[in-house]
Amino acid sequence: MNLDHLQPVKGPIGRCFVLVTPEGERTFAISAGQMNGLRPDSIPPSVFDDASCLVISSYLLRCKDGEPMPQATLRAIELAKARHVPVVLTLGTRFVIAERPEFWRSFISEHIDVVAMNEEEGAALTGEADPLLACEKTLDWADLVLCTAGPTGLY
16 MNLDHLQPVK
26 GPIGRCFVLV
36 TPEGERTFAI
46 SAGQMNGLRP
56 DSIPPSVFDD
66 ASCLVISSYL
76 LRCKDGEPMP
86 QATLRAIELA
96 KARHVPVVLT
106 LGTRFVIAER
116 PEFWRSFISE
126 HIDVVAMNEE
136 EGAALTGEAD
146 PLLACEKTLD
156 WADLVLCTAG
166 PTGLY
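Residue 16 is where the sequence shown starts when you use the working numbering, and the numbers rise one by one after that.
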């Protein structure tokens, strides 16, 4: 794989620690470093020429003022769409979605083909506690929904 297009940054890119409880619940502890410094002009269109999909996370749009990552994310989406590459959004955590559910509904309608979420994120997005109802409602905005629901599995 040719990674010549990667943008260099000054300082650490960032660190992520995965924390898992004995019950199997997981969360992340993140030290952001320079991870939100990706500039839109650092994304070459050619990376999407043979792509199967573009997978993005809600975290990419939740940055400090002045960080270019949200604009880089929108450019990546634009380039993917221009090449008919499906865009998958992972909702990340219910807290990010619950901060601005209407924004996320609009964003999904405008940019996203596939939503990947868990039942808590689905409830934050749709207001529906039942995972199947949350999936059904999310299909108003996206073409496909993948929803994990604890021990029940994947819908």
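Note that the Cβ used here is the ideal one computed from N, Cα and C, for glycine as well.
- Secondary structure at Leu53: coil, using DSSP grouped into helix, strand and coil.
- Taking 3 residues as the shortest admissible run, the region 35–108 contains the following complete beta strand (DSSP E) segments, listed from N- to C-terminal end: 41–46, 69–72, 102–105.
- One Cα belongs to Glu135, the other to Arg109, and the distance between them is close to 6 Å.
- By the Cβ test, the region 65–74 is not in contact with the region 16–35, since fewer than three Cβ pairs between them sit closer than 8 Å.
- Leu140: not part of any beta strand (DSSP E); member of the alpha helix (DSSP H) spanning 134–141, first to last residue.
- Leu154 and Pro27 have their C-alpha atoms some 39 Å from each other.
- By the neighbour-count criterion, in which a residue is buried when 16 or more other Cβ atoms sit within 10 angstroms of its Cβ, Ser73 is buried.
- Leu21 and Ile127 have their C-alpha atoms some 24 Å from each other.
- If you check the CB distance, Asn133 and Ala113 do not come in under 9 Å.
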